[in-house]
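Residue numbers (UniProt numbering): 1 to 197.
Following this line, the structure appears as structure tokens:
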């Protein structure tokens, strides 16, 4: 940081600084590459947060955004070798009847303890094999949740301190409209609720 001119003049008069004093410049190399271990840990954190907590059973819900509780509580979920034999038999039977098309992969979700089907080329998913008549093919819930979160529609209560219902204030804070759980909008007038003494 440069010394102000008035202070510089006073220091020169007192003999603390000489006329040929030059300011020391300290600079950093901002073009230096980031070490590989830092890059890999950053990449792992990004991948970790991209689809939510690995074992969270709520990942299928597009209005759920995983928070620290999901990572701490659900951890790695249920391993694939702990699945019931009945489920494995049903899965084998349905895959035999409706085989996967080219480009589709079967992926295990440890949070939901189920397999889902994913097309990496189009990034579409389905809980049932894509050829099944009841299969619903769509975008992955974490992808939809991320888009909703970026729009501000899916905040999961992170950015505002709302209570049960939405509150809107009108007329300089005198009237409050509340929406209860049933969707009924009720008016609450603060001036009427105050007791006159």
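In this text, a Cβ means the ideal position worked out from N, Cα and C, and glycines have one as well.
Residue 136 to residue 126, Cα distance in whole Å? 6 Å
For residue 87, count neighbouring C-beta atoms within 10 Å of its own C-beta (all shown protein chains included) and say buried if the count is 16 or more, exposed if not. exposed
Bridge partners for residue 111 per DSSP, in chain order? Answer is none; residue 111 lacks a bridge partner.
Measure the C-alpha to C-alpha separation of residue 81 and residue 109 and round it to an integer number of angstroms. 12 Å
Between which residues of its own chain and residue 83 is the CB-CB distance below 6 Å, once the five residues before and five after are set aside? For residue 83, where only same-chain residues beyond five positions count, there are no Cβ hits under 6 Å.
Rounded to the nearest angstrom, what separates residue 62 and residue 104 at their Cα positions? The straight-line gap from Cα to Cα measures roughly 22 Å.
In angstroms with no decimal places, state the Cα-to-Cα distance between residue 111 and residue 79. Using only the alpha carbons, I get a separation of about 9 Å.
Tell me the DSSP secondary structure of residue 144 in three-state form. Residue 144: helix per DSSP, three-state reduction.
Tell me, please, which residues DSSP counts as bridged to residue 126. 117
Is residue 148 closer than 7 Å to residue 199 when the C-beta atoms are compared? The structure shown has nothing for residue 199, since the chain only spans 1 to 197.
Cβ atoms of residue 59 and residue 141: under 7 Å apart, would you say? yes
Neighbourhood of residue 113 by C-beta, 6 Å cutoff - its chain only, sequence neighbours within 5 removed: 78
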